[in-house]
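There are 2 protein chains.
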Amino acid sequence: MPFKFCPGTLADMTEQPTATHADQDFLRLDGQICFALNAASRAFGGLYRVVLKDLGLTYPQYLVMLVLWEHGEMPVKEIGRHLRLDSGTLSPLLKRLEAAGLISRERSTQDERSVRARLTGEGAALRARAVEVPRRIAAATGFDLTEVVDLQARLSRLTAALDAAVPMEEAREAQEA
Amino acid sequence: MPFKFCPGTLADMTEQPTATHADQDFLRLDGQICFALNAASRAFGGLYRVVLKDLGLTYPQYLVMLVLWEHGEMPVKEIGRHLRLDSGTLSPLLKRLEAAGLISRERSTQDERSVRARLTGEGAALRARAVEVPRRIAAATGFDLTEVVDLQARLSRLTAALDAAVPMEEAREAQEA
DNA sequence: CGCAATTCAGTTGTGCACAATTCAATGCCG
DNA sequence: CGGCATTGAATTGTGCACAACTGAATTGCG
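Chains as they are written, first to last, in the numbering used here: chain F, 288 to 464; chain U, 288 to 464.
Encoded structure:
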């Protein structure tokens, strides 16, 4: 029966001046939550790694291909918006997909700063083999669809809250200096 | 109103012989789920990165320190069990924590294969500054505690299901060869 | 006992994540 | 039009994740 001393939300216990028993417990709880999310993300990656080996894709490469299978062609910047990734991650990743013959890259003619990634015939054809991926994942885990969709919604809200919180913390940090 | 054609669980649609409209939709849904989990994990890391900069810790280093703050001393192997990490990740990470003066490492006398990580005085003292980390995260995001604990439980079940599924897929792969 | 299989930490190599920087192309404002 | 801030991609450097491998210590079994 842990945390019975806790009123409602974590945010309620914000102005404690010194370390208390509650602090110790929240530090432990923090570890459990961080660990759970981290571990789930990596476990997901681990299962996909095995399933995707047939296709010659890594998990992040698969995510990029999913975006391109849906849209056919897209600027690097917009891929980054979809996947929450920056150019430092995407540039080398896209270069590897290009080396594998799955995509091509070309500068936009309208805006020469922008680079558009486009599926090659081979890249588009790979989709036919990829459609079995969700089946294999589903078969291996027996997920309940409604619960998974619900989990996705919660995680998306969590991500939005976390991203919104970063500027606050950076402001607080700047104020200290 | 998507996926109305779907009966109950993803696992039900396992024996489709060829790609259907449903396959296309599940491929899209798969992307949304993978992306949500990935993005949430990285967003978490991003907020912690900002908050932990004061302590001079990265997010994975913080997770290791949380384990050690709770247990004081622990073999590398057991840290790996707690955090679901292998020696290839932990060895260099622990070496950096040692270089920072937060932990020491020594071979166990009972079993010389095992290396035990132990908090230094400085490492133990850092805990006093770390107790404010959950407060700052909570204050920045305003999380509801009960919901977070529920999410943690779901994620832990997910991780267990995913980890259990990997050997099945590896067996399937071996059978193809 | 003796040796084969296992266990544990560490190393190597590949790829992802992200901060910080660079550079060219673009947009904007006077 | 000219100059200056902004945007987009790429690069560099650091650190994490993991597969594959090495080598030493231990365990277990004949």
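Cβ atoms here follow ideal geometry from the backbone N, Cα and C, with glycine treated the same way.
So, using beta-carbon positions, are Leu442(U) and Ala452(F) closer together than 7 Å?
Here the question's residue 442(U) lines up with position 155 in the second sequence. Here the question's residue 452(F) lines up with position 165 in the first sequence. Against a cut-off of 7 Å, the Cβ pair of Ala452(F) and Leu442(U) comes out as no contact.
Can you pull the chain F neighbours of Ile457(U), defined as C-beta to C-beta under 7 Å?
For the purposes of this step, residue 457(U) is taken as residue 170 along the second sequence, with counting starting at 1. Sequence check: residue 457(U) is Glu here, not Ile. Within chain F, Val337 have C-beta atoms less than 7 Å from the C-beta of Glu457(U), given in sequence order.
Any C-beta of chain F within less than 8 Å: which residues of the stretch 351-372 of chain U qualify?
Result list: Leu353, Val354, Trp356, Glu357, His369, Leu370 and Arg371.
Within the 7 Å Cβ cut-off, does Ala323(U) reach chain F?
Indexing the second sequence from 1 puts residue 323(U) at position 36. Closer than 7 Å: yes.
From Arg422(U), Glu460(U) and Phe430(U), pick the residue whose C-alpha is nearest to that of Ala309(F); which is it?
The sequence position of residue 309(F) within the first sequence is 22, counting from 1. Measuring from the Cα of Ala309(F), the nearest candidate turns out to be Arg422(U).
Consult DSSP for Ser378(U) and reduce its assignment to one of helix, strand or coil.
As a working note, residue 378(U) is residue 91 in the second sequence. The answer is helix: DSSP assigns Ser378(U) an H, G or I state.
Would you call the stretch 361-368 of chain U and the stretch 397-406 of chain U touching, i.e. three or more CB-CB distances under 8 Å?
These segments touch.
Are three or more beta carbon pairs between the stretch 370-389 of chain U and the stretch 406-416 of chain U nearer than 8 Å?
Yes, the stretch 370-389 of chain U touches the stretch 406-416 of chain U.
State yes or no: is the beta carbon of Ile320(F) nearer than 7 Å to at least one beta carbon in chain U?
What you label residue 320(F) is simply residue 33 of the first sequence in a count that begins at 1. For Ile320(F), the nearest beta carbon of chain U is closer than 7 Å to its own beta carbon.
Go through its chain and collect everything with a Cβ distance to Thr446(U)'s Cβ below 8 Å, but skip five positions before and after it.
Within the second sequence, numbered from 1, the residue matching residue 446(U) stands at position 159. Its chain contains Arg371 as the residues whose beta carbon lies nearer than 8 Å to that of Thr446(U), once the 5 sequence neighbours on both sides are disregarded; these appear in chain order.
Range of the contiguous beta strand (DSSP E) that encloses Ser391(U):
By 1-based counting over the second sequence, the position of residue 391(U) is 104. For Ser391(U), the enclosing beta strand (DSSP E) covers residues Ile390 to Arg394.
Measuring only the C-alpha atoms, how far is Gln462(U) from Met455(U)?
For the purposes of this step, residue 462(U) is taken as residue 175 along the second sequence, with counting starting at 1. For the purposes of this step, residue 455(U) is taken as residue 168 along the second sequence, with counting starting at 1. Approximately 11 Å between the Cα atoms of the pair.
Which of the three DSSP states, helix, strand or coil, is assigned to Pro454(F)?
Mapped onto the first sequence, residue 454(F) falls at position 167. For Pro454(F), the three-state secondary structure derived from DSSP is helix.
Start and end of the alpha helix (DSSP H) containing Arg416(F)?
What you label residue 416(F) is simply residue 129 of the first sequence in a count that begins at 1. Where Arg416(F) is concerned, the enclosing alpha helix (DSSP H) stretches over Gly408 to Ala417.
Measure from the C-beta of Ala412(U) to each C-beta in chain F and report whether the shortest distance is under 7 Å.
Along the second sequence, read from residue 1 onward, the residue named residue 412(U) stands at position 125. Chain F contact via Cβ: absent.
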